[in-house]
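Trainee:
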Amino acid sequence: MQAFTQVSGVVLPIDRSNVDTDAIIPKQFLKSIHRSGFGPHLFDAWRYLDEGQPGQDCSIRPLNKDFVMNEPRYQGASILLARDNFGCGSSREHAPWALSDYGIRALIAPSFADIFFNNCFKNGILPVVLAESIVEKLFQAVLATPHYQLTVDLNAKQVVTPDGQQFAFEVDEFRRYCLLNGLDDIGLTLRHADEIKAYEAQRKQSEPWIFGVTQ
Amino acid sequence: MMKPTTLYEKLWRSHVVREESDGTALIYIDRHLVHEVTSPQAFEGLKLANRPLWRVNSILATADHNTPTTNQEVIADPVSRLQVETLDKNCAKYNITEFPMGDHRQGIVHVIGPEQGATLPGMTVVCGDSHTSTHGAFAALAMGIGTSEVEHVMATQTLITQRAKTLRVSVEGTLSKGVTAKDVALAIIGKIGTAGGTGFAIEFAGSAIRSLTMEGRMTLCNMAIEAGARAGMVAVDDTTIQYVKGRPFAPKGALWDKAEAYWRTLVSDEGALFDKEVKLEAAQIEPLVTWGTSPEMVVPVNGHIPDPQLESDITRREGMERALRYMDLTPGKAITSIQIDKVFIGSCTNSRIEDLRAAAQVLKGKRIAANIKLALAVPGSGLVKAQAEQEGLDVIFKEAGFEWRNPGCSMCLGMNDDRLSPGERCASTSNRNFEGRQGALSRTHLVSPQMAAAAAVAGHFADVRALIG
Ligand code: SF4
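As given, the protein sequences belong to chains H and P, one line each in that order. Per our numbering, the very first residue in the first sequence carries number 486; after that it's consecutive. Per our numbering, the very first residue in the second sequence carries number 248; after that it's consecutive.
1) What are the start and end residues of the alpha helix (DSSP H) that includes residue 638 of chain H?
2) For the alpha helix (DSSP H) that contains residue 372 of chain P, what are its first and last residues?
3) So residue 253 of chain P and residue 450 of chain P are in contact, right, with Cβ under 8 Å, and what is the actual spacing, rounded?
4) Please identify, using Cβ separations under 9 Å, the residues of the region 678-694 of chain H that lie next to chain P, in order along the chain.
5) Whole angstroms is fine: what's the gap from residue 441 of chain P's alpha carbon to residue 381 of chain P's?
6) Assuming contact is defined by CB atoms lying nearer than 8 Å, are residue 312 of chain P and residue 400 of chain P in contact in what I supplied?
7) Once DSSP output is grouped into helix, strand and coil, what is the label at residue 435 of chain P?
8) What are the start and end residues of each continuous alpha helix (DSSP H) run of 4 or more residues lying completely inside the region 487-564 of chain P, in chain order?
9) Determine the chain H residues that contact residue 345 of chain P at a beta-carbon separation under 8 Å, and present them in chain order.
10) Using Cβ-Cβ distances below 9 Å, what residues of the region 560-594 of chain P are close to chain H?
11) Residue 330 of chain P CB to nearest chain H CB: under 8 Å?
12) Only counting the same chain, and skipping five residues up and downstream in sequence, which positions put a Cβ closer than 7 Å to that of residue 612 of chain P?
13) Going by Cα to Cα distance, which pick from P/621, P/458, P/609, P/402 is closest to residue 428 of chain P?
14) Taking 7 Å as the limit between beta carbons, can you name the residues of its chain near residue 364 of chain P, skipping five residues before and five after?
15) Is it buried or exposed for residue 618 of chain P, if we count other Cβ within 10 angstroms and need 16 for buried?
16) Could you tell me whether any Cβ in chain P is nearer than 8 Å to the Cβ of residue 489 of chain H?
17) Taking all protein chains shown into account, decide if residue 561 of chain P is buried (16 or more other Cβ within 10 angstroms of its Cβ) or exposed.
18) Would you mind telling me which residues of chain H sit closer than 7 Å to residue 506 of chain P, beta carbon to beta carbon, in chain order?
19) How big is the Cα-Cα spacing for residue 651 of chain H and residue 593 of chain H?
20) Within 10 Å of its beta-carbon, does residue 489 of chain P have 16 or more other beta-carbons around it, so buried, or fewer, so exposed?
21) Thinking just about the alpha-carbon of each residue, which of P/469, P/398, P/699 is nearest to the one in residue 587 of chain P?
22) Closer than 6 Å by C-beta to residue 588 of chain H: which residues in its own chain qualify, once you throw out the five before and the five after it? Chain order, please.
23) Using only alpha-carbon positions, find the residue among P/501, P/504, P/477, P/510 that is nearest to residue 484 of chain P.
24) Please check if any C-beta of chain P sits within less than 8 Å of the C-beta of residue 570 of chain H.
25) May I ask you to list the residues that DSSP assigns as paired with residue 383 of chain P?
26) Which residues does DSSP pair with residue 498 of chain H in a beta bridge?
27) Can you confirm whether the region 369-380 of chain P touches the region 413-420 of chain P when touching is taken to mean that 3 or more C-beta pairs between the two stretches lie within less than 8 Å?
Okay, structure coming up:
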């Protein structure tokens, strides 16, 4: 996994609440058996005027000029600013894959849906929760200032504005450690393989039916 | 005396392998359900790292999202076909129990788990699918996970997670005739919102919940995720025990007795404290219809489209306005005046035998309205389909003008050919009315199976209570 220490970049504002993972990456792209190649289809139904198909050349598709992501000032964004309950709905990890493939490394919102929040950390994306009032201020600043940039610093656990304001955020220590070091969860967990085995042995005594054959 | 504990707490404690000082825990996973869409990258990851499966007999696999509901012999779309074949290959390679296409036990993963007794009380159940919450109906701790976590569970039999807060939603009293578990679910989401359950594990309790069948409880827990909850659950009682008994993967003989004794303890103790409580009166719940693009945008069938101007919160108001534009609806319009194009009865929310019976009861001796372009009945599994056919339900559906299809997710998300065309409006028993969910620019209204049947007959939304008398 790609490590995350600090990201500075253009902020893309998605000014609506309850953005679901169907919107982030529509179902037709879930047929892929790979983890990459989803970036051109990020927000596909909002971003293009035609209906997207897997494997097509997106550079020749008609763009929806009204969708914020297509505005020149937001090109190359690496930070996404959003409203409440971002990433709700389907558990599809294709959503963070699409965000990361597009180049988004950090998300800022007042709240995120649980499964999506989790999935981000597994893909080197940092979802940052800031108070609604701060998010509102950031939206205003982004809309007022072309090419507005923020810095998201995981080491210092803060978001820094161009004029030096700092907003602290919380993140679980374990997740922070994994993200800072780009660590693979599975490798870490397998260090506790003996504990898992011991637990399993005890459950085999107390609830043997769990370990029956599924045939 | 021991401190009274919640059901969630009991399930959590009995599965913690280790806990870090920051609250992050490693919990043991008893059952892992696998389907074709969210597993290929996980298998690929295992292969690349050369890691074995930790416990192959914890896994049960089936293809459901991409499967055609007409001819199951061939998947015409080569991309869908490759995904289903990839699952078959991976299951063969790792010796995983799979119900492949054509097997009479194949179906939607959340229907077949309980049907087979592969979901049992007291288990932790995961699946790379958000509606895994369904299995909580059995007093299991059931959670949807992402593909990286699917790989993690395959390799370690554990999940890294944090303890959730507890929310008890109590529904007391008796549900009126024509009001179903689906309406209860929508009423709860309408009340607490689609983010109301974020960070919580919900326990559904109260006399109205206790009187639900297992099918009804599954419908309810299925939609816990639409309230943003990490899990939904219902305590064990006689209904649970009776449902599980005799299922293929359930314990038998002396082991059954031991299991049953333990399962009976899977209830929240009297006096157990929850982080939050929400209460609803069953008698006040009416048949509901969603009008917008989020399950919380819901009103009674005899109600009207709400007016965004009356909403004081700007973000919410804009959300309502956007939803109305997308749905092509105007404030003040009566729900019963909304004409529909298609009807879908199916999905992991409402495709079990009880759902099909309830819809058939409304459809018996009637025909779908002339403006209905397509009405689909899609059973949740091959076994549900066979049972329905044995009861003659297929005949009722077909005589009413419905198409009687083979099991799968079907038009719930339209990864196969079952889709809405742009602009089409559907009365659907599924769980999500998001923009484009049932096809690009499609318009979805979520309802119960009875209400979908009533809408099919009327051609527009109609109060099912008038039809069933
Ligand atoms: S029926 Fe719909 S919600 Fe349920 S698993 Fe299938 S696609 Fe997901």
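Just so it is clear, CB atoms sit at the ideal spot from N, CA and C, and this is done for glycine as well. Remember, it's a predicted structure, so these values are computed and weren't measured experimentally.
Mentor: The short version:
1) Careful: residue 638 of chain H lies outside any alpha helix (DSSP H), inside the beta strand (DSSP E) at 634-638.
2) Per DSSP, residue 372 of chain P belongs to no alpha helix (DSSP H); it is in the beta strand (DSSP E), 371-374.
3) 7 Å
4) 678, 680, 681, 683, 684, 685, 688, 691, 692, 693, 694
5) 17 Å
6) no
7) helix
8) 500-510
9) Simply none; closest approach about 10 Å.
10) 562, 563, 565, 566, 569
11) yes
12) none
13) P/458
14) 491, 494, 495, 496, 497
15) exposed
16) no
17) exposed
18) 694
19) 14 Å
20) exposed
21) P/699
22) 563
23) P/510
24) yes
25) Answer is none; residue 383 of chain P lacks a bridge partner.
26) H/566
27) no
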